[in-house]
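First to last, the sequence lines map onto chains A and B.
1 is the number of the first residue of the first sequence in our numbering; add one for each residue after it.
1001 is the number of the first residue of the second sequence in our numbering; add one for each residue after it.
For every residue, glycine included, the Cβ atom is placed at its ideal position computed from N, Cα and C.
For reference, the structure is listed below as structure tokens.
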Amino acid sequence: MINRDRIKAFLTLLPSMILIAVFVYGFIGNTFWLSLTDWGGVAALAENPVRNYAGLSNYKELFTGFLGGGFRQDLVNAVYYSVMLLLGAIGTGLIIAILLDNKPRGEAVFRTIFLYPMSLSFIVTGTIWRWMLAPQGGVNILPTYAGLDPLKFRWLSSTGAIFEFNWQNLLQIAFYILAAVLIIGGLMSIKQNPTRALRRFLLPGIAVGLAAWLFGDLLPKALFMEETHGFNLATLGIIMATIWQYSGYTMALYLAGFTGISQDLRDASMLDGATTAQYYRYIALPMLKPITISAVIILSHISLKMFDLIFAMTGPDNAETGHPALNMYLTTFRANDFAKGAAIAIILFLIAATFIIPYLISSYRQRRTR
Amino acid sequence: MAQVELLDICKRFGTTEVVHNANLSIGDNEFIVLVGPSGCGKSTILRMIAGLETISSGEIRINDRKVNEVMPKDRDVAMVFQNYALYPHMSVFENMAFSLKMAKLGKNEIRQKVDKAADILELTPYLHRKPAALSGGQRQRVAMGRAIVRSPSVFLFDEPLSNLDAQLRTQMRMELKKMHLKMKTTTIYVTHDQIEAMTLADRIVILKDGRVQQVGTPVEVYERPDNRFVASFIGNPPINMLEAVVHRTSDGDAISFCGLTFPVTLPDGCRDQDQVLAGIRPDSIKRDEALAALPEQWLIDGRVVVSEIVGSQSLLEFTMGEASVVAELEGRVAAAPGQTMKLGLNLENLLLFDPDTEQAIR
Ligand SMILES: Nc1ncnc2c1ncn2[C@@H]1O[C@H](COP(=O)(O)OP(=O)(O)O)[C@@H](O)[C@H]1O
Ligand SMILES: [Mg+2]
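In structure tokens, the structure reads:
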């Protein structure tokens, strides 16, 4: 009986399994294969284009090649963009949700107002913010209402950059990041299991950090010349617009979560002596960890795939505000360099996977232990 | 170790008043039970004492200190909620330790107190589990543990047993009583279950529609209910209420109902030919050998409607004239429906109520 049920279930699922296999995994595989070829150049659009296996040369060129500087800046932009968007949208959404959770007068109205930007398309958001961020536009003349001088900041075309680093030291920086991750992980788990945290995380973290600091000069350089990249101030405008659009969304996520927590828990925590801040810190937020995780995953995906908003705000080829997704589009369909475009797509895919895979593994484990 | 006083407490939600002028004075170490049907304002009163609801008017005093404006955490009360309200992401230990952590106690002190409470409640093996991995009874005990670690001066319970199955409820009820006898902390306990109230309380407060109906020991409210509602609410199976007329003549007092007249001693509050409601408790109805103790005139013939055996006792529903009456009889009665049975009414315990005001006539 069970066997027949299984066969039926399998047959029912088969069509979607085939479709997903072909259109998702098949195409990922095909893109990966293309990224290993040299498809591109003058004859790229020929009826039967020449495609020779070229190994990892596309990747090598993107990361260490003479002409890859633009892509590298785009990648750095995407990383800063993701981090800022996560902090900004989750932080803002959370603060608004906490305020609304305490039932101010007109809570429903505010909720709608804050959620409203979600309903706009990126093109509309982009256009609105392009006007607002124009050199003599809305944001810059805001101080004049208070009798101050207008701002002069060029939101979308500033060439300034902060947090700069030399791409040559890529390996060293990677080791620093690894050390930081280990140390933070160790500090987070030190309460539950101090010896394990010390052995598995803290000591290795400190060792890696120290080694990278002492022997960083011995590491091979990623590039033959110096090339600095940093957080381009011109991306601030885009970050602001995205935060504006998405903090309503995170607010809705958190507010739904807060509303789902029984009033009794809040009452109990009050009787236990917790202040409002402590209630959120110790009770509400830890209970909403799944919401935070989904928000991080969703927002990091959005920021890694961001295309239309940047397109609408600064056009596709503003070097200061570039993004790998735009770069991929330009490389593939303007420069007809299909192989390199595929390589960029695969790089974005891998970065996205680093967010998702740990999540999938942990939720799978949780389901198993339950 | 605390007295709690409610002085003319009112609670309004918007324009609807749900608690009307409640007065209550609770002594040291007392176990007070607030009982009443669902929606009568029990939880609201308890939450006002805890400080979780504002007080619309009146005054609450704990240990002679007015606490109307005092924050819940500063009232030195602990509360156990109906659904336990355990923090789901914390282990049993963390749940019990939370209030101590908020009070900034030292690690060792917290551990000591939690361990002691866990020991009393037999929770030691479960300290590292999350609430989701506990049974209903264990969760209930964690909720109590969370209350007792703080050694508050007042315990508040809001229907703490109503989510448990019947057997566990009886068991937990006895444990609660034992715990109170041991710790002697002033306790205010809310329930809609009059059996819980009768078994646990030093004194019972009966509420209806936001008004206190009567305050008294379990025996007092059972034997001398102030009004018809209290008489009907307390006691299981419920009291039989029969329409009756009283007679005060030179021959002596009598009461007639169901077409029969019985000589009784009437309270001073009734006059000849008054219409009254006669309340007869099911356990005031006797049979067989117990009949010998009753005067001849109190014996009747009952026509059996249905009988059921409950352990060593039997419940019997019978008709007497037009009225249908329930009796709780000693021993196992196997009576066929339609059969006529000799029964006696012990009218010494007769309760009389005014049919209009529903107040007891005394
Ligand atoms: N927050 C509230 N807003 C409006 N009415 C309420 C609120 N809480 C309780 N009530 C009303 O007050 C009355 C008493 O409620 P409650 O104290 O919970 O009753 P009980 O605990 O005796 O079942 C009910 O009629 C209920 O509808
Ligand atoms: Mg209630």
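query: Residues of its chain near leucine 1127 (chain B), where Cβ-Cβ distance is below 7 Å and the 5 sequence neighbours each way are ignored; result: Ser1091, Val1092, Phe1093 and Ala1118
query: Cysteine 1010 (chain B) Cβ short of 7 Å to ligand 1 heavy atom set; result: no
query: Under 8 Å from the C-beta of alanine 1363 (chain B): neighbouring residues of chain A; result: Residue 1363 (chain B) cannot be examined here, being either before or after the span of chain B that is shown, 1001 to 1362.
query: Below-8 Å beta-carbon distance, leucine 265 (chain A) vs any chain B residue; result: yes
query: Rounded distance between the beta-carbons of valine 1019 (chain B) and glycine 1331 (chain B), thought under 8 Å; result: That pair is no contact at about 45 Å.
query: Cutoff 8 Å: proline 358 (chain A) Cβ touching any chain B Cβ; result: no
query: Pairwise C-alpha distance: asparagine 102 (chain A) and alanine 277 (chain A); result: 12 Å
query: Any C-beta of chain A under 8 Å from that of histidine 1089 (chain B); result: yes
query: Proline 15 (chain A) (DSSP reduced to helix, strand or coil); result: helix
query: Reduced DSSP category for proline 1088 (chain B) - H, G, I as helix; E, B as strand; rest coil; result: coil
query: Aspartate 264 (chain A) CB to nearest heavy atom of ligand 2 below 7 Å; result: no
query: Contacts of glycine 273 (chain A) in chain B (Cβ-Cβ under 7 Å); result: Lys1073, Ser1099, Met1102 and Ala1103
query: Chain B contacts made by the region 277–310 of chain A, where a contact means CB separation under 8 Å; result: Gln278, Tyr282, Ile283, Pro286, Met287 and Lys289
query: At least three beta-carbon pairs within less than 8 Å, the region 336–345 of chain A to the region 354–361 of chain A; result: no
query: Around ligand 4, Cβ to any heavy atom closer than 5 Å, ordered along the chain; result: With respect to small molecules bound, the structure shown includes ligand 1 and ligand 2 and not ligand 4.
query: is_contact[alanine 1078 (chain B), chain A] using C-beta, thresh 8 Å; result: yes
query: Unbroken beta strand (DSSP E) run spanning glycine 1216 (chain B), endpoints; result: 1211–1216
query: Interface flag, alanine 252 (chain A) vs chain B, CB-CB below 8 Å; result: no
query: Reduced DSSP category for glutamine 1138 (chain B) - H, G, I as helix; E, B as strand; rest coil; result: helix
query: DSSP state of histidine 229 (chain A) mapped onto helix, strand, coil; result: strand
query: Below-8 Å beta-carbon distance, alanine 197 (chain A) vs any chain B residue; result: no
query: Glutamate 1053 (chain B) vs lysine 1011 (chain B) beta-carbon contact at 8 Å; result: yes
query: Simplified DSSP state of proline 194 (chain A), which is helix, strand or coil; result: helix
query: Aspartate 267 (chain A) beta carbon near ligand 2 (any heavy atom closer than 7 Å); result: no
query: Per-residue contacts from alanine 1050 (chain B) into chain A (C-beta, under 8 Å); result: Asp267 and Leu271
query: Neighbour flag for serine 425 (chain A) against chain B, beta carbons, 8 Å; result: Nothing in the structure corresponds to residue 425 (chain A), since chain A is present only between 1 and 370.
query: Continuous beta strand (DSSP E) assignments of at least 3 residues falling wholly in the region 1203–1258 of chain B; result: 1203–1208, 1211–1216, 1240–1249 and 1252–1257
query: Any non-hydrogen atom of ligand 2 closer than 7 Å to glutamate 1196 (chain B) Cβ; result: no
query: Check: aspartate 1158 (chain B) C-beta below 7 Å from any heavy atom of ligand 2; result: yes
query: Strand pairing of proline 1263 (chain B), partner residues [DSSP]; result: B:Ala1254
query: Whether serine 1153 (chain B) touches asparagine 1095 (chain B) by CB criterion (8 Å); result: no
query: Exposure label - lysine 1042 (chain B); buried when at least 16 CB within 10 Å; result: buried
query: Closest Cα partner of aspartate 1272 (chain B) within the set B:Asp1165, B:Ala1254, B:Ile1032 and B:Arg1146; result: B:Ala1254
query: Within-8 Å CB hit, alanine 1278 (chain B) to chain A; result: no
query: Under the three-state DSSP convention, the category threonine 1319 (chain B) falls into; result: strand
query: Euclidean distance between Cα positions of alanine 312 (chain A) and leucine 198 (chain A); result: 49 Å
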